[in-house]
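Enquirer:
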Amino acid sequence: MCIIILNWNGLKNTLECIESVKKITYPSYKIIVVDNASANNEAYSLRKNCSGDIDILLTAKNYGYTGGNNVGISYALEKYDPGYILILNNDIIVDPDFLTIMVNVAQSDEKTGIVGGKVYYHRYPNLIQAAGAGINMYFGKSYHIGDRQFDKGQYDTQQSVDYVMGCCMLIKREVINKIGLLDEQFFCYWDETDYCFRCRKAGYNVIYTPLARVWHKNPVKLKIWERTQNKSVRSAIPYYYTTRNNFLFMRKHARGIEFLTFILYFFSYNLIFVTGVCLVFHRDITRFKSFLRGILDGIKFMPKKVCDEKEYILLLTKENEAIVSN
-7 MCIIILNWNG LKNTLECIES VKKITYPSYK IIVVDNASAN NEAYSLRKNC SGDIDILLTA
53 KNYGYTGGNN VGISYALEKY DPGYILILNN DIIVDPDFLT IMVNVAQSDE KTGIVGGKVY
113 YHRYPNLIQA AGAGINMYFG KSYHIGDRQF DKGQYDTQQS VDYVMGCCML IKREVINKIG
173 LLDEQFFCYW DETDYCFRCR KAGYNVIYTP LARVWHKNPV KLKIWERTQN KSVRSAIPYY
233 YTTRNNFLFM RKHARGIEFL TFILYFFSYN LIFVTGVCLV FHRDITRFKS FLRGILDGIK
293 FMPKKVCDEK EYILLLTKEN EAIVSN
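Taking the working numbering, I'd label the letters of the sequence shown as residues -7 to 318.
#1: According to DSSP, is residue 18 helix, strand or coil?
#2: My output table needs one value for residue 112: the three-state DSSP class, helix, strand or coil.
#3: Taking DSSP as the reference, what is the three-state secondary structure of residue 132?
#4: Whose C-alpha, out of 212, 173 and 66, is nearest the C-alpha of residue 141?
#5: What do you reckon, are the CB atoms on residue 107 and residue -5 nearer than 8 Å?
#6: I need the DSSP call for residue 284, collapsed to helix, strand or coil.
#7: Residue 69: which of 22, 195 and 100 sits nearest, CA to CA?
#8: Let's see if you can read the secondary structure: which residues bound the beta strand (DSSP E) around residue 198?
#9: Find out if the Cβ-Cβ distance for the pair residue 13, residue 86 is shorter than 8 Å.
#10: Apart from the five residues on each side of it in sequence, which residues of its chain come closer than 6 Å, Cβ to Cβ, to residue 127?
#11: Less than 7 Å between C-beta atoms, sequence neighbours within five positions excluded: which residues of the same chain meet that for residue 245?
#12: Could you check whether residue 83 and residue 2 sit closer than 8 Å to each other, using their CB atoms as the reference points?
#13: Please classify residue 138: does DSSP put it in a helix, a strand, or coil?
#14: Using the rule of at least 16 other Cβ atoms within 10 Å of the residue's Cβ for burial, across every protein chain shown, is residue 204 buried or exposed?
#15: Among 250, 143 and 237, which one has its Cα closest to the Cα of residue 288?
#16: What are the uninterrupted segments assigned as alpha helix (DSSP H) that are 4 or more residues long and contained completely in the stretch 61 to 99, given in chain order?
#17: Relative to the C-alpha of residue 117, which residue among 286, 131, 207 and 269 is closest?
#18: Identify whether residue 227 lies in helix, strand or coil by the three-state DSSP scheme.
#19: Pull up the distance between the alpha-carbon of residue 146 and that of residue 112, whole angstroms please.
#20: Can you name the start and end residues of the beta strand (DSSP E) that residue 122 belongs to?
#21: What does the alpha-carbon distance come out to for the pair residue 278 and residue 228?
#22: Express the C-alpha separation of residue 17 and residue 286 in angstroms, rounding to a whole number.
#23: For the alpha helix (DSSP H) that residue 162 lies in, which residues bound it at each end?
#24: Am I right that residue 304 and residue 80 are in contact with their C-beta atoms under 8 Å? What's the rounded C-beta distance?
#25: DSSP three-state call for residue 235: helix, strand or coil?
#26: How is residue 152 classed by DSSP in three states: helix, strand or coil?
#27: Taking the CB atoms as reference points, tell me whether residue 164 and residue 124 lie closer together than 8 Å.
#28: Which whole-angstrom value describes the C-beta separation of residue 26 and residue 38, a residue pair presumed to lie in contact below a C-beta threshold of 8 Å?
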């Protein structure tokens, strides 16, 4: 079992995530932290603060969520040959039993390819962010099951779902062998949806299990007028990638009639709604421009070959160990 944790300018969260993972009941695992070219020498701070049983990889540049995780997955497969890979966001705090439960679910059925647990908001520990997830292919709209509902046991049934959140996703090794790594054309957003759809197309099930619990430090709005981000270039990034990748995902997975209804829906309701959110609610022209650029790039997006080889160095955390170049 290898656990991949991606760090990008989030040192405090990453260290807290690692500490929570170290308390789990699962007996044998290897933590691999990939620093995605963070600023302020965060990789070396991780090396200083982590024990010697954690491998820390430092990439040459920011390869995004997909590319950064692929660096860790490829390294894990080559060095440790694990039966499972767990992708875990660095802003996740885990329940001690979560991994044992997820592996047991994966082992209980040979057709289970990916497993995800119940994700809560960290700020409100009993508030659900996702009990699995689904997508309406006619509108190209994804949704988290149970989002912003307080947990009263209403999602305590294990079931097959369209996809699970990429913040905590257990993948069988045979699935990776069959369908490959994350699609790096997405860079970030919609990537886990794509990966779970590819998994299902290959004949495996994606399973949500309610007993595996994790807490995600994602912002949450209990009221629509609550603002969670300040106006900034960084706050506009999700508007670009979610929009562009919405088109990319639908190109890859939608049938003809589904893609047609998606286009009609997007350029009628969705275009008007997001324009209102950016200009009226947030009063942020930067977000609106990112949204428009996402539409333009989504329409003209041409799949490109992604380089298979990525540059990284392995920072061995044991004192006096050499730095090994890839």
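Each residue gets a CB set at the ideal place from its N, CA and C atoms; glycine is no exception.
Expert: Put simply:
#1: As a first step, residue 18 is located in the sequence shown; it is residue number 26 there, counting from the start. Note: residue 18 maps to coil in three-state DSSP.
#2: Your numbering for residue 112 matches position 120 in the sequence shown. Here residue 112 sits in strand by DSSP.
#3: For the purposes of this step, residue 132 is taken as residue 140 along the sequence shown, with counting starting at 1. Note: residue 132 maps to coil in three-state DSSP.
#4: Counting from 1 along the sequence shown, the entry for residue 141 is found at position 149. Nearest option by C-alpha distance: 212.
#5: The residue labelled residue 107 in the question sits at position 115 within the sequence shown. The residue labelled residue -5 in the question sits at position 3 within the sequence shown. The answer is no: Cβ separation not under 8 Å.
#6: Indexing the sequence shown from 1 puts residue 284 at position 292. The answer is helix: DSSP assigns residue 284 an H, G or I state.
#7: As a first step, residue 69 must be located in the sequence shown, where it is residue number 77. The shortest CA-to-CA distance from residue 69 to any of 22, 195 and 100 is the one to 22.
#8: By one-based count along the sequence shown, residue 198 stands at place 206. First-last of the beta strand (DSSP E) with residue 198: 197 to 208.
#9: Residue numbering aside, residue 13 sits at position 21 when the sequence shown is read from its first letter. Residue numbering aside, residue 86 sits at position 94 when the sequence shown is read from its first letter. For residue 13 and residue 86, yes; Cβs fall inside 8 Å.
#10: The residue you call residue 127 lines up with position 135 of the sequence shown. Once the five neighbours on either side are set aside, the close Cβ partners of residue 127 are 134 and 154.
#11: Numbered from 1 along the sequence shown, position 253 holds the residue referred to as residue 245. Closer than 7 Å at Cβ, skipping near neighbours: 189.
#12: Your numbering for residue 2 matches position 10 in the sequence shown. Your numbering for residue 83 matches position 91 in the sequence shown. Their beta carbons are under 8 Å apart, which means residue 2 touches residue 83 by this criterion.
#13: Position 146 of the sequence shown, counting from 1, holds the residue named residue 138. In this structure, residue 138 counts as coil in the three-state DSSP scheme.
#14: Here residue 204 corresponds to residue number 212 of the sequence shown, with the count starting at 1. Burial call: buried.
#15: For the purposes of this step, residue 288 is identified with residue 296 of the sequence shown, where counting begins at 1. Cα-wise, what sits closest to residue 288 is 237.
#16: 90 to 99
#17: Here residue 117 refers to the residue found at position 125 when the sequence shown is read from its first residue. Of 286, 131, 207 and 269, the residue nearest in Cα terms is 207.
#18: For the purposes of this step, residue 227 is identified with residue 235 of the sequence shown, where counting begins at 1. Residue 227 falls in the helix class under three-state DSSP.
#19: By one-based count along the sequence shown, residue 146 stands at place 154. By one-based count along the sequence shown, residue 112 stands at place 120. Their backbone Cα atoms lie some 14 Å apart in a straight line.
#20: As a first step, residue 122 is located in the sequence shown; it is residue number 130 there, counting from the start. Run containing residue 122: 119 to 122, per the beta strand (DSSP E) assignment.
#21: In the sequence shown, residue 278 corresponds to position 286, counting from 1. In the sequence shown, residue 228 corresponds to position 236, counting from 1. Using only the alpha carbons, I get a separation of about 6 Å.
#22: On the sequence shown, position 294 is the one that residue 286 refers to. On the sequence shown, position 25 is the one that residue 17 refers to. Each residue's alpha carbon lies about 43 Å from the other.
#23: On the sequence shown, residue 162 is found 170 positions in, with the first residue counted as 1. First-last for residue 162: 160 to 164, but that is the beta strand (DSSP E), not the alpha helix (DSSP H).
#24: Stepping through the sequence shown from its first residue, residue 304 is reached at position 312. Stepping through the sequence shown from its first residue, residue 80 is reached at position 88. About 19 Å separates the two Cβ atoms, so there is no contact after all.
#25: Sequence index remark: in the sequence shown, residue 235 carries index 243 (1-based). Helix at residue 235.
#26: What you label residue 152 is simply residue 160 of the sequence shown in a count that begins at 1. The answer is strand: DSSP assigns residue 152 an E or B state.
#27: Locating residue 164 in the sequence shown gives position 172, where the first residue counts as 1. Locating residue 124 in the sequence shown gives position 132, where the first residue counts as 1. In this structure, residue 124 does not lie closer than 8 Å to residue 164 by Cβ.
#28: As a first step, residue 26 must be located in the sequence shown, where it is residue number 34. As a first step, residue 38 must be located in the sequence shown, where it is residue number 46. In fact, because the Cβ distance is near 10 Å, the residues do not count as touching under 8 Å.
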